[in-house]
Amino acid sequence: QVQLRESGPGLVKPSETLSLTCTVSGDSIIDYYFDWIRQSPGKGLEWIGYLYYTGRTYYNPSLKSRVTLSMDTSKNHFSLNLSSVTAADTAIYYCARRRRGAFTDWGQGTLVSVSS
Amino acid sequence: DIQMTQSASSLSVSLGDRVTITCRASQNIRNYLNWYQQKPGKAPKLLVYDESSLQDGAPARFSGGGSGTDFNLTIDSLQPEDFATYFCQQSYSAPYTFGQGTKLEI
C-alpha cells in the first residue's frame, strides 16, 4: 500500500522560500500524477499544482509565479518550492497521488507557519 | 476557475439518519466530481469519484449522484464514525477546486 509523507521546516520567515518534500513508499512514483494541496482556515482546500514523472507540471495560476515542483525518481520523492511567502501562505500542506482526477492517496500533512 | 459551492457549512443530524450533502459547480463539469471525508487532524479521504463510483474501502452506505452542475452525497443510516467534514472537488479542469466543506454535527 502506497504511503506519502511530507517533510520540511514548520516555520518560514516572510519573503523566504518554503520547501517541502514528499517521500513515496510502497509504490513507484513513475506513471502517476502527484499533486500538492494546502488547507487553511481562511481559504479552505487549495490545489497548488501537479507534476508527472516525465517532468510535466501544471500550476494553479493564482500561485504560478511563485511555485516550482520537481521530482527525483531515483529517490522516489518530489518537492514543492514556494517563494516570497507571506502570512497568507500559512497552511497545512499535503502531497497526494491522483488517479482519474481524484486524490486517492494523501500524506498526513505538515503545518507550515510563516512568521518572523 | 470553476467555483464549487456547498450551500450548507454544517448540518445537524442524528445517528441513523439519511443525510444528503449538496454541491454545485459554477459550470457544467459532466460527472467529474469527487467527494472526500475529513476528520479533525487528518488528511481528507476519498469516498466517491466520478460522481457515483465508490472508492475501494468506502462503506456502501455512501453514495454519490447528480450531474452537470448539481451533485449530492448521501449517507444511509448515519454511523458514529461518519461525523466529519465532507468536501466536493471538481476534476473537470485544472485548477482543480474544492467546495468549502459541510460539517456533520450532532
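Sequence order for the protein chains is C and P. Okay, so the first sequence: first residue is 467 according to our numbering, each after it adds one. Okay, so the second sequence: first residue is 3 according to our numbering, each after it adds one. Beta carbons are placed, not taken as given, at the ideal position from N, Cα and C, and that holds for glycine.
Q | Interface partners of Pro42(P) on chain C, CB under 9 Å | A | Chain C residues near Pro42(P): none, gap ~12 Å exceeds 9 Å.
Q | C-alpha gap between Glu472(C) and Tyr34(P), whole angstroms | A | 27 Å
(Q) Just to check my reading of the structure: Ala10(P) and Gln92(P) have Cβ atoms closer than 8 Å, yes? What is that Cβ distance to the nearest angstrom? (A) Wrong, their Cβ atoms sit about 18 Å apart, outside the cutoff.
(Q) On the CB-based measure, 16 or more other CB atoms within 10 Å of its CB, does Arg522(C) come out buried or exposed? (A) exposed
Q) Between Pro527(C) and chain P, is there a C-beta pair that is closer than 8 Å? A) yes
**Q.** chain C residues whose Cβ lies nearer than 7 Å to that of Gln102(P)
**A.** Gly510
Q | Assigned exposure category for Val468(C) - 16 Cβ within 10 Å defines buried | A | exposed
Q. Hey, how far is the Cα of Phe73(P) from the Cα of Lys44(P)?
A. 25 Å
(Q) Would you say Thr574(C) lies against chain P (beta-carbon separation less than 8 Å)? (A) Residue identity differs from the one stated: residue 574(C) is Gln in this sequence, not Thr. Closer than 8 Å to some Cβ of chain P, the Cβ of Gln574(C) qualifies, so yes.
Q) Are any of the Cβ atoms in chain C nearer than 8 Å to that of Pro61(P)? A) no
Q. Asn74(P) touches chain C at which residues, Cβ-Cβ below 9 Å?
A. The contacting residues do not exist; Asn74(P) stays about 17 Å from chain C at best.
Q. Is any beta-carbon of chain P found at less than 8 Å from that of Arg504(C)?
A. no
Q. Of all the residues that make up the segment 33-57 of chain P, which are near chain C by a beta-carbon distance shorter than 8 Å?
A. Tyr34, Asn36, Tyr38, Lys44, Ala45, Pro46, Lys47, Leu48, Tyr51, Asp52 and Gln57
**Q.** Val551(C) beta carbon less than 8 Å from that of Val478(C)
**A.** yes
Q. Among Ser494(C), Glu482(C) and Thr576(C), which has the Cα closest to the Cα of Asn542(C)?
A. Ser494(C)
Q | Where Tyr524(C) meets chain P, residues with beta-carbon distance less than 7 Å | A | Ala96
Q: Determine which residues share a DSSP beta bridge with Glu83(P) and list them.
A: The partner list for Glu83(P) (beta bridge, DSSP) is empty, contrary to what the question assumes.
Q) Any residues in the segment 558-573 of chain C with a beta carbon nearer than 9 Å to a beta carbon of chain P? Which ones, in chain order? A) Ile558, Tyr560, Ala562, Arg564, Arg565, Arg566, Gly567, Ala568, Phe569, Thr570, Asp571, Trp572 and Gly573
**Q.** Contacts of Phe89(P) in chain C (Cβ-Cβ under 7 Å)
**A.** Leu511
Q | Partner residues on chain C for Thr99(P), Cβ-Cβ distance less than 8 Å | A | Trp513
Q: Tell me whether the beta-carbon of Asp19(P) lies closer than 8 Å to the beta-carbon of Leu80(P).
A: yes
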